[in-house]
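Peer 1: Right, I'll just put the structure down here and ask away after.
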Amino acid sequence: MVVVAGAAAAAGGPPKTKMAGGEKLIIRSDKVRLIDILSMLLLRRPLTSYSFVEASDQTTLDVGDESGGIIVPLTEVILKFLAAAYWPAKVISVALEFLLNFVALNGGMLGLGIIWNIFRCKLVIPLDREAPDFRTIIGMIDGRTELKPATLEVTGGGNMRQLQVHDTVVFGEAEDLESGGCTVAALLVQQQYLVPEVTVMAAKIAYENHAYIENVVNNVWKFNFVGFYNGWNKFLHQDTTQAFVMTDRAKDASAVVLAFRGTEPFNTKDWSTDVELSWLGLGAMGNVHLGFLKALGLQEVNEEKAERAFPRKDKGTAPKGKFFAYYQLREVVREQLKKHPAARLIVTGHSLGGALAAIFPALLALHGEKDLLGRLGDVLTYGQPRVGDSNFVDFLSAATKAARYDRVVYRYDIVPRVPFTAPVAKYSHGGTCVYYNGWYDGKELAGDEPDPNYFDPRYVLSKYGNAVGDLVKGAFLWASAGRDYREGLCSLLYRCGGLIFPGFASHSPRDYVDAVRLGRIAPKQI
Numbered sequence: 001m002v003v004v005a006g007a008a009a010a011a012g013g014p015p016k017t018k019m020a021g022g023e024k025l026i027i028r029s030d031k032v033r034l035i036d037i038l039s040m041l042l043l044r045r046p047l048t049s050y051s052f053v054e055a056s057d058q059t060t061l062d063v064g065d066e067s068g069g070i071i072v073p074l075t076e077v078i079l080k081f082l083a084a085a086y087w088p089a090k091v092i093s094v095a096l097e098f099l100l101n102f103v104a105l106n107g108g109m110l111g112l113g114i115i116w117n118i119f120r121c122k123l124v125i126p127l128d129r130e131a132p133d134f135r136t137i138i139g140m141i142d143g144r145t146e147l148k149p150a151t152l153e154v155t156g157g158g159n160m161r162q163l164q165v166h167d168t169v170v171f172g173e174a175e176d177l178e179s180g181g182c183t184v185a186a187l188l189v190q191q192q193y194l195v196p197e198v199t200v201m202a203a204k205i206a207y208e209n210h211a212y213i214e215n216v217v218n219n220v221w222k223f224n225f226v227g228f229y230n231g232w233n234k235f236l237h238q239d240t241t242q243a244f245v246m247t248d249r250a251k252d253a254s255a256v257v258l259a260f261r262g263t264e265p266f267n268t269k270d271w272s273t274d275v276e277l278s279w280l281g282l283g284a285m286g287n288v289h290l291g292f293l294k295a296l297g298l299q300e301v302n303e304e305k306a307e308r309a310f311p312r313k314d315k316g317t318a319p320k321g322k323f324f325a326y327y328q329l330r331e332v333v334r335e336q337l338k339k340h341p342a343a344r345l346i347v348t349g350h351s352l353g354g355a356l357a358a359i360f361p362a363l364l365a366l367h368g369e370k371d372l373l374g375r376l377g378d379v380l381t382y383g384q385p386r387v388g389d390s391n392f393v394d395f396l397s398a399a400t401k402a403a404r405y406d407r408v409v410y411r412y413d414i415v416p417r418v419p420f421t422a423p424v425a426k427y428s429h430g431g432t433c434v435y436y437n438g439w440y441d442g443k444e445l446a447g448d449e450p451d452p453n454y455f456d457p458r459y460v461l462s463k464y465g466n467a468v469g470d471l472v473k474g475a476f477l478w479a480s481a482g483r484d485y486r487e488g489l490c491s492l493l494y495r496c497g498g499l500i501f502p503g504f505a506s507h508s509p510r511d512y513v514d515a516v517r518l519g520r521i522a523p524k525q526i
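Structure representation (structure tokens):
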């Protein structure tokens with residue numbers, strides 16, 4: 001079960017909302033030409049004067065003569081590159097994951113297992129990407145699945161080597177298993193886990209397929225898997241959002257955990273969503289990143305009222321057999337909280353998943369879901385991008401005031417620095433920033449992490465130095481921290497990417513897991 005010792009006993013409820021809306025600034029990247037990018041750089045015309053920009057009358061007045069500066073054209077160049085790279089990256093991803101799974105399932109890198117399996121006519125060909133033993137690139141970079149139990153010192157509050165920004169403890173039945181396969185006769189030992197440990201691991205395995213996640217939750221963690229869900233995006237005409245729900249027990253649970261899948265390394269559409277600047281006004285909720293709203297189930301972008309753009313009730317416009325993520329997950333969570341009266345809701349995600357985890361409770365507040373917000377215990381995100389303006393930050397803060405909202409940021413991870421801030425798109429971060437440097441020394445910040453502008457030249461040398469340090473650390477951390485921190489070739493090669501694009505390798509969930517487990521940070525007193 002989960003014991004919430006420090007969360008408020010009763011929620012203050014969402015702020016009263018006025019459901020006005022209508023403000024928007026949408027940049028149609030598919031209509032941006034090279035000559036437009038040069039025009040934005042050289043002529044500095046008002047951004048709203050371009051034909052590829054859709055802005056409401058009020059937004060046009062607010063923005064005035066503001067040009068796109070350097071940020072808008074730079075963002076459009078990045079988006080053009082990502083669009084062009086979609087299919088090459090897709091092919092590389094499929095081929096690479098097939099190769100890595102083929103090697104892993106047949107005995108490892110030395111190749112002896114492959115030869116032996118050929119000899120025995122038992123060669124494993126990983127054609128089923130939905131199999132419980134098939135892993136994505138993320139799973140290959142960090143294949144750890146077991147939870148690390150909280151030590152006696154941590155549960156007592158005295159170990160400074162642990163992330164103790166929460167005084168919430170998760171209890172579960174667990175045994176020392178790497179991957180499923182327990183028997184009825186297996187001896188089960190009650191273990192205690194800190195919420196950051198559970199959430200960072202949930203955010204990590206959210207990248208995997210349904211069967212893999214179900215196996216880990218049920219057989220490795222000894223929790224209760226509720227379901228895996230796909231969310232329909234009516235603007236892209238496909239399922240773009242994945243999430244899963246679990247409870248710590250099948251009966252009398254103390255936690256309902258909702259984990260969103262994040263940005264997949266080779267999915268350039270995910271990266272484009274993270275980077276794009278377009279936003280939509282949702283009344284009292286503020287201006288919110290358009291791509292993230294679409295991923296959760298936005299209905300309209302041309303409505304002047306928020307209740308029509310993102311209505312409280314699902315209008316049933318998804319194709320048969322498809323569901324919008326927000327509405328489906330809201331009802332699943334409602335059902336689980338009703339089933340488990342003592343449970344608190346915990347929402348988490350890494351990268352894009354972190355953005356969705358932050359917006360989810362804000363939408364609950366927008367729609368007046370006081371019963372669900374009253375059960376909200378924790379919102380923990382890892383490597384989360386910016387999702388809205390300062391009004392959104394204030395709205396989310398009011399909506400989650402009875403809970404905890406923390407953003408964990410590892411060093412120069414690029415994703416928390418996007419979307420880039422510009423006069424026409426004033427994105428801000430909310431919550432408490434739990435920031436870790438390259439050696440997992442942490443501190444808590446009220447606002448942005450250091451170097452909020454990724455392109456600040458003052459940090460260039462430090463970024464490359466950190467990339468080198470991460471590579472060295474990845475190769476030798478196991479010598480001091482133990483075998484659970486030994487990195488394989490796949491992880492080390494991924495870290496080499498940071499030598500080319502600083503901040504890219506720092507986004508790996510592996511560093512966030514290590515930061516939670518090894519991080520040195522003083523407990524926050526509330």
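The numbering of the sequence shown is UniProt numbering, which starts it at 1 and goes up by one.
Beta carbons: idealized from backbone N, C-alpha and C, even for Gly.
Going by CA-CA distance only, name the one from E276, A131 and T268 that's closest to I213.
Peer 2: That would be A131, whose Cα lies nearest to the Cα of I213.
Peer 1: Going straight from the alpha carbon of A403 to that of D451, what length do you get?
Peer 2: Between A403 and D451, the C-alpha separation is close to 28 Å.
Peer 1: For Q192, which of A365, W221, L445 and P385 has the nearest alpha-carbon?
Peer 2: Ranking A365, W221, L445 and P385 by Cα distance to Q192 puts W221 first.
Peer 1: Just to confirm, is the Cβ distance from V467 to L493 under 8 Å?
Peer 2: Here the sequence assigns Ala to residue 467, which means Val is not the residue at that position. Taking 8 Å as the Cβ cut-off, A467 and L493 do not qualify as a contacting pair.
Peer 1: When we look at the beta-carbon of E444 and count the other beta-carbons within 10 Å, is it buried (16 or more) or exposed?
Peer 2: It is exposed - the Cβ of E444 has fewer than 16 other Cβ atoms within 10 Å.
Peer 1: Going by Cα to Cα distance, which pick from V216, G297, G64 and L471 is closest to F323?
Peer 2: It is G297.
Peer 1: Pull the bridge partners of D441 from the DSSP assignment, please.
Peer 2: Note: D441 sits in a beta bridge opposite R520.
Peer 1: Could you tell me how far apart the beta carbons of D406 and G431 are, in whole angstroms, since I believe they sit closer than 8 Å?
Peer 2: That belief holds up - the Cβ atoms of D406 and G431 are roughly 6 Å apart, short of 8 Å.
Peer 1: If you count every other CB in all the chains shown that lies within 10 Å of the CB of H237, and 16 or more means buried, which is it?
Peer 2: With fewer than 16 Cβ atoms within 10 Å of its Cβ, H237 is classed as exposed.
Peer 1: Mapping DSSP to helix, strand and coil, what is K426?
Peer 2: In this structure, K426 counts as coil in the three-state DSSP scheme.
Peer 1: Rounded to the nearest angstrom, how far is the Cβ of V434 from that of V200, given a contact under 8 Å?
Peer 2: About 11 Å; that fails the 8 Å criterion.
Peer 1: Could you check which residue in A446, D413 and W478 has the C-alpha nearest to that of K463?
Peer 2: With distances taken between Cα atoms, K463 lies closest to D413.
Peer 1: Would you report the Cα separation of Y382 and L356, rounded to the nearest angstrom?
Peer 2: Their backbone Cα atoms lie some 12 Å apart in a straight line.
Peer 1: Sorted by chain position, which residues of the same chain lie with C-beta nearer than 6 Å to A318's C-beta, five sequence neighbours on each side aside?
Peer 2: Excluding positions up to five away in sequence, the list reads W232 and F324.
Peer 1: What are the boundary residues of the alpha helix (DSSP H) that includes L258?
Peer 2: First-last for L258: A255 to F260, but that is the beta strand (DSSP E), not the alpha helix (DSSP H).
Peer 1: Can you list, in chain order, the residues of its chain with a C-beta nearer than 7 Å to that of E208? Leave out the 5 residues immediately preceding and following it.
Peer 2: For E208, where only same-chain residues beyond five positions count, the Cβ hits under 7 Å are R135, T136 and G139.
Peer 1: Identify which residue in T268, N267 and T241 has its Cα closest to the Cα of A259.
Peer 2: Nearest C-alpha to A259: T241.
Peer 1: DSSP puts N233 in a beta bridge; with which residues?
Peer 2: In DSSP, N233 forms a bridge with Q238.
Peer 1: Alpha carbon to alpha carbon, how far is G262 from P88?
Peer 2: Cα to Cα, the separation comes out at about 21 Å.
Peer 1: Could you round the C-beta distance between A150 and L194 to whole angstroms and report it? I think they count as a contact, below 8 Å.
Peer 2: With a Cβ gap of about 5 Å, A150 and L194 count as contacting.
Peer 1: Can you say whether D176 is buried or exposed, counting buried as having 16 or more other CB atoms within 10 angstroms of its CB?
Peer 2: At D176 the pLDDT is 42, less than 50, meaning the model places this residue with poor confidence; the figure from the coordinates comes in the next sentence. Exposed, because fewer than 16 other Cβ atoms sit within 10 Å of the Cβ of D176.
Peer 1: Roughly how many whole angstroms lie between the Cα atoms of F420 and I115?
Peer 2: Roughly 50 Å between the two C-alpha positions.
Peer 1: Roughly how far, in whole angstroms, is the beta-carbon of L363 from the beta-carbon of L345, given that I think they are within contact range, below 8 Å?
Peer 2: No, L363 and L345 are not in contact; Cβ-Cβ is about 14 Å, not under 8 Å.
Peer 1: Restricting to Cα atoms, I'd like to know which of P126, N106, R129 and L127 is closest to F119.
Peer 2: Residue N106 is the option with its Cα nearest to F119.
Peer 1: Do you know whose CA, among P126, G465 and L290, lies nearest E388's CA?
Peer 2: In the sequence under discussion, the amino acid at residue 388 is Gly, which differs from the Glu named in the question. Checking every option, the nearest Cα to that of G388 belongs to L290.
Peer 1: Please go through the stretch 65-124 and give each complete alpha helix (DSSP H) segment of 4 or more residues, from N-terminal end onward.
Peer 2: As far as the stretch 65-124 is concerned, its whole alpha helix (DSSP H) runs of at least 4 residues are 71-84, 86-105 and 112-119.
Peer 1: Among A83, V245 and P196, which has the Cα closest to the Cα of Q328?
Peer 2: Here the closest residue by C-alpha is V245.
Peer 1: DSSP three-state call for N287: helix, strand or coil?
Peer 2: The answer is strand: DSSP assigns N287 an E or B state.
Peer 1: Contact check, G68 vs L47 under 8 Å by CB: the rounded distance?
Peer 2: At roughly 5 Å, the Cβ-Cβ gap stays under 8 Å, so G68 and L47 are in contact.
Peer 1: Return the CA-CA distance between E264 and R510, expressed in angstroms with no decimal places.
Peer 2: About 14 Å.
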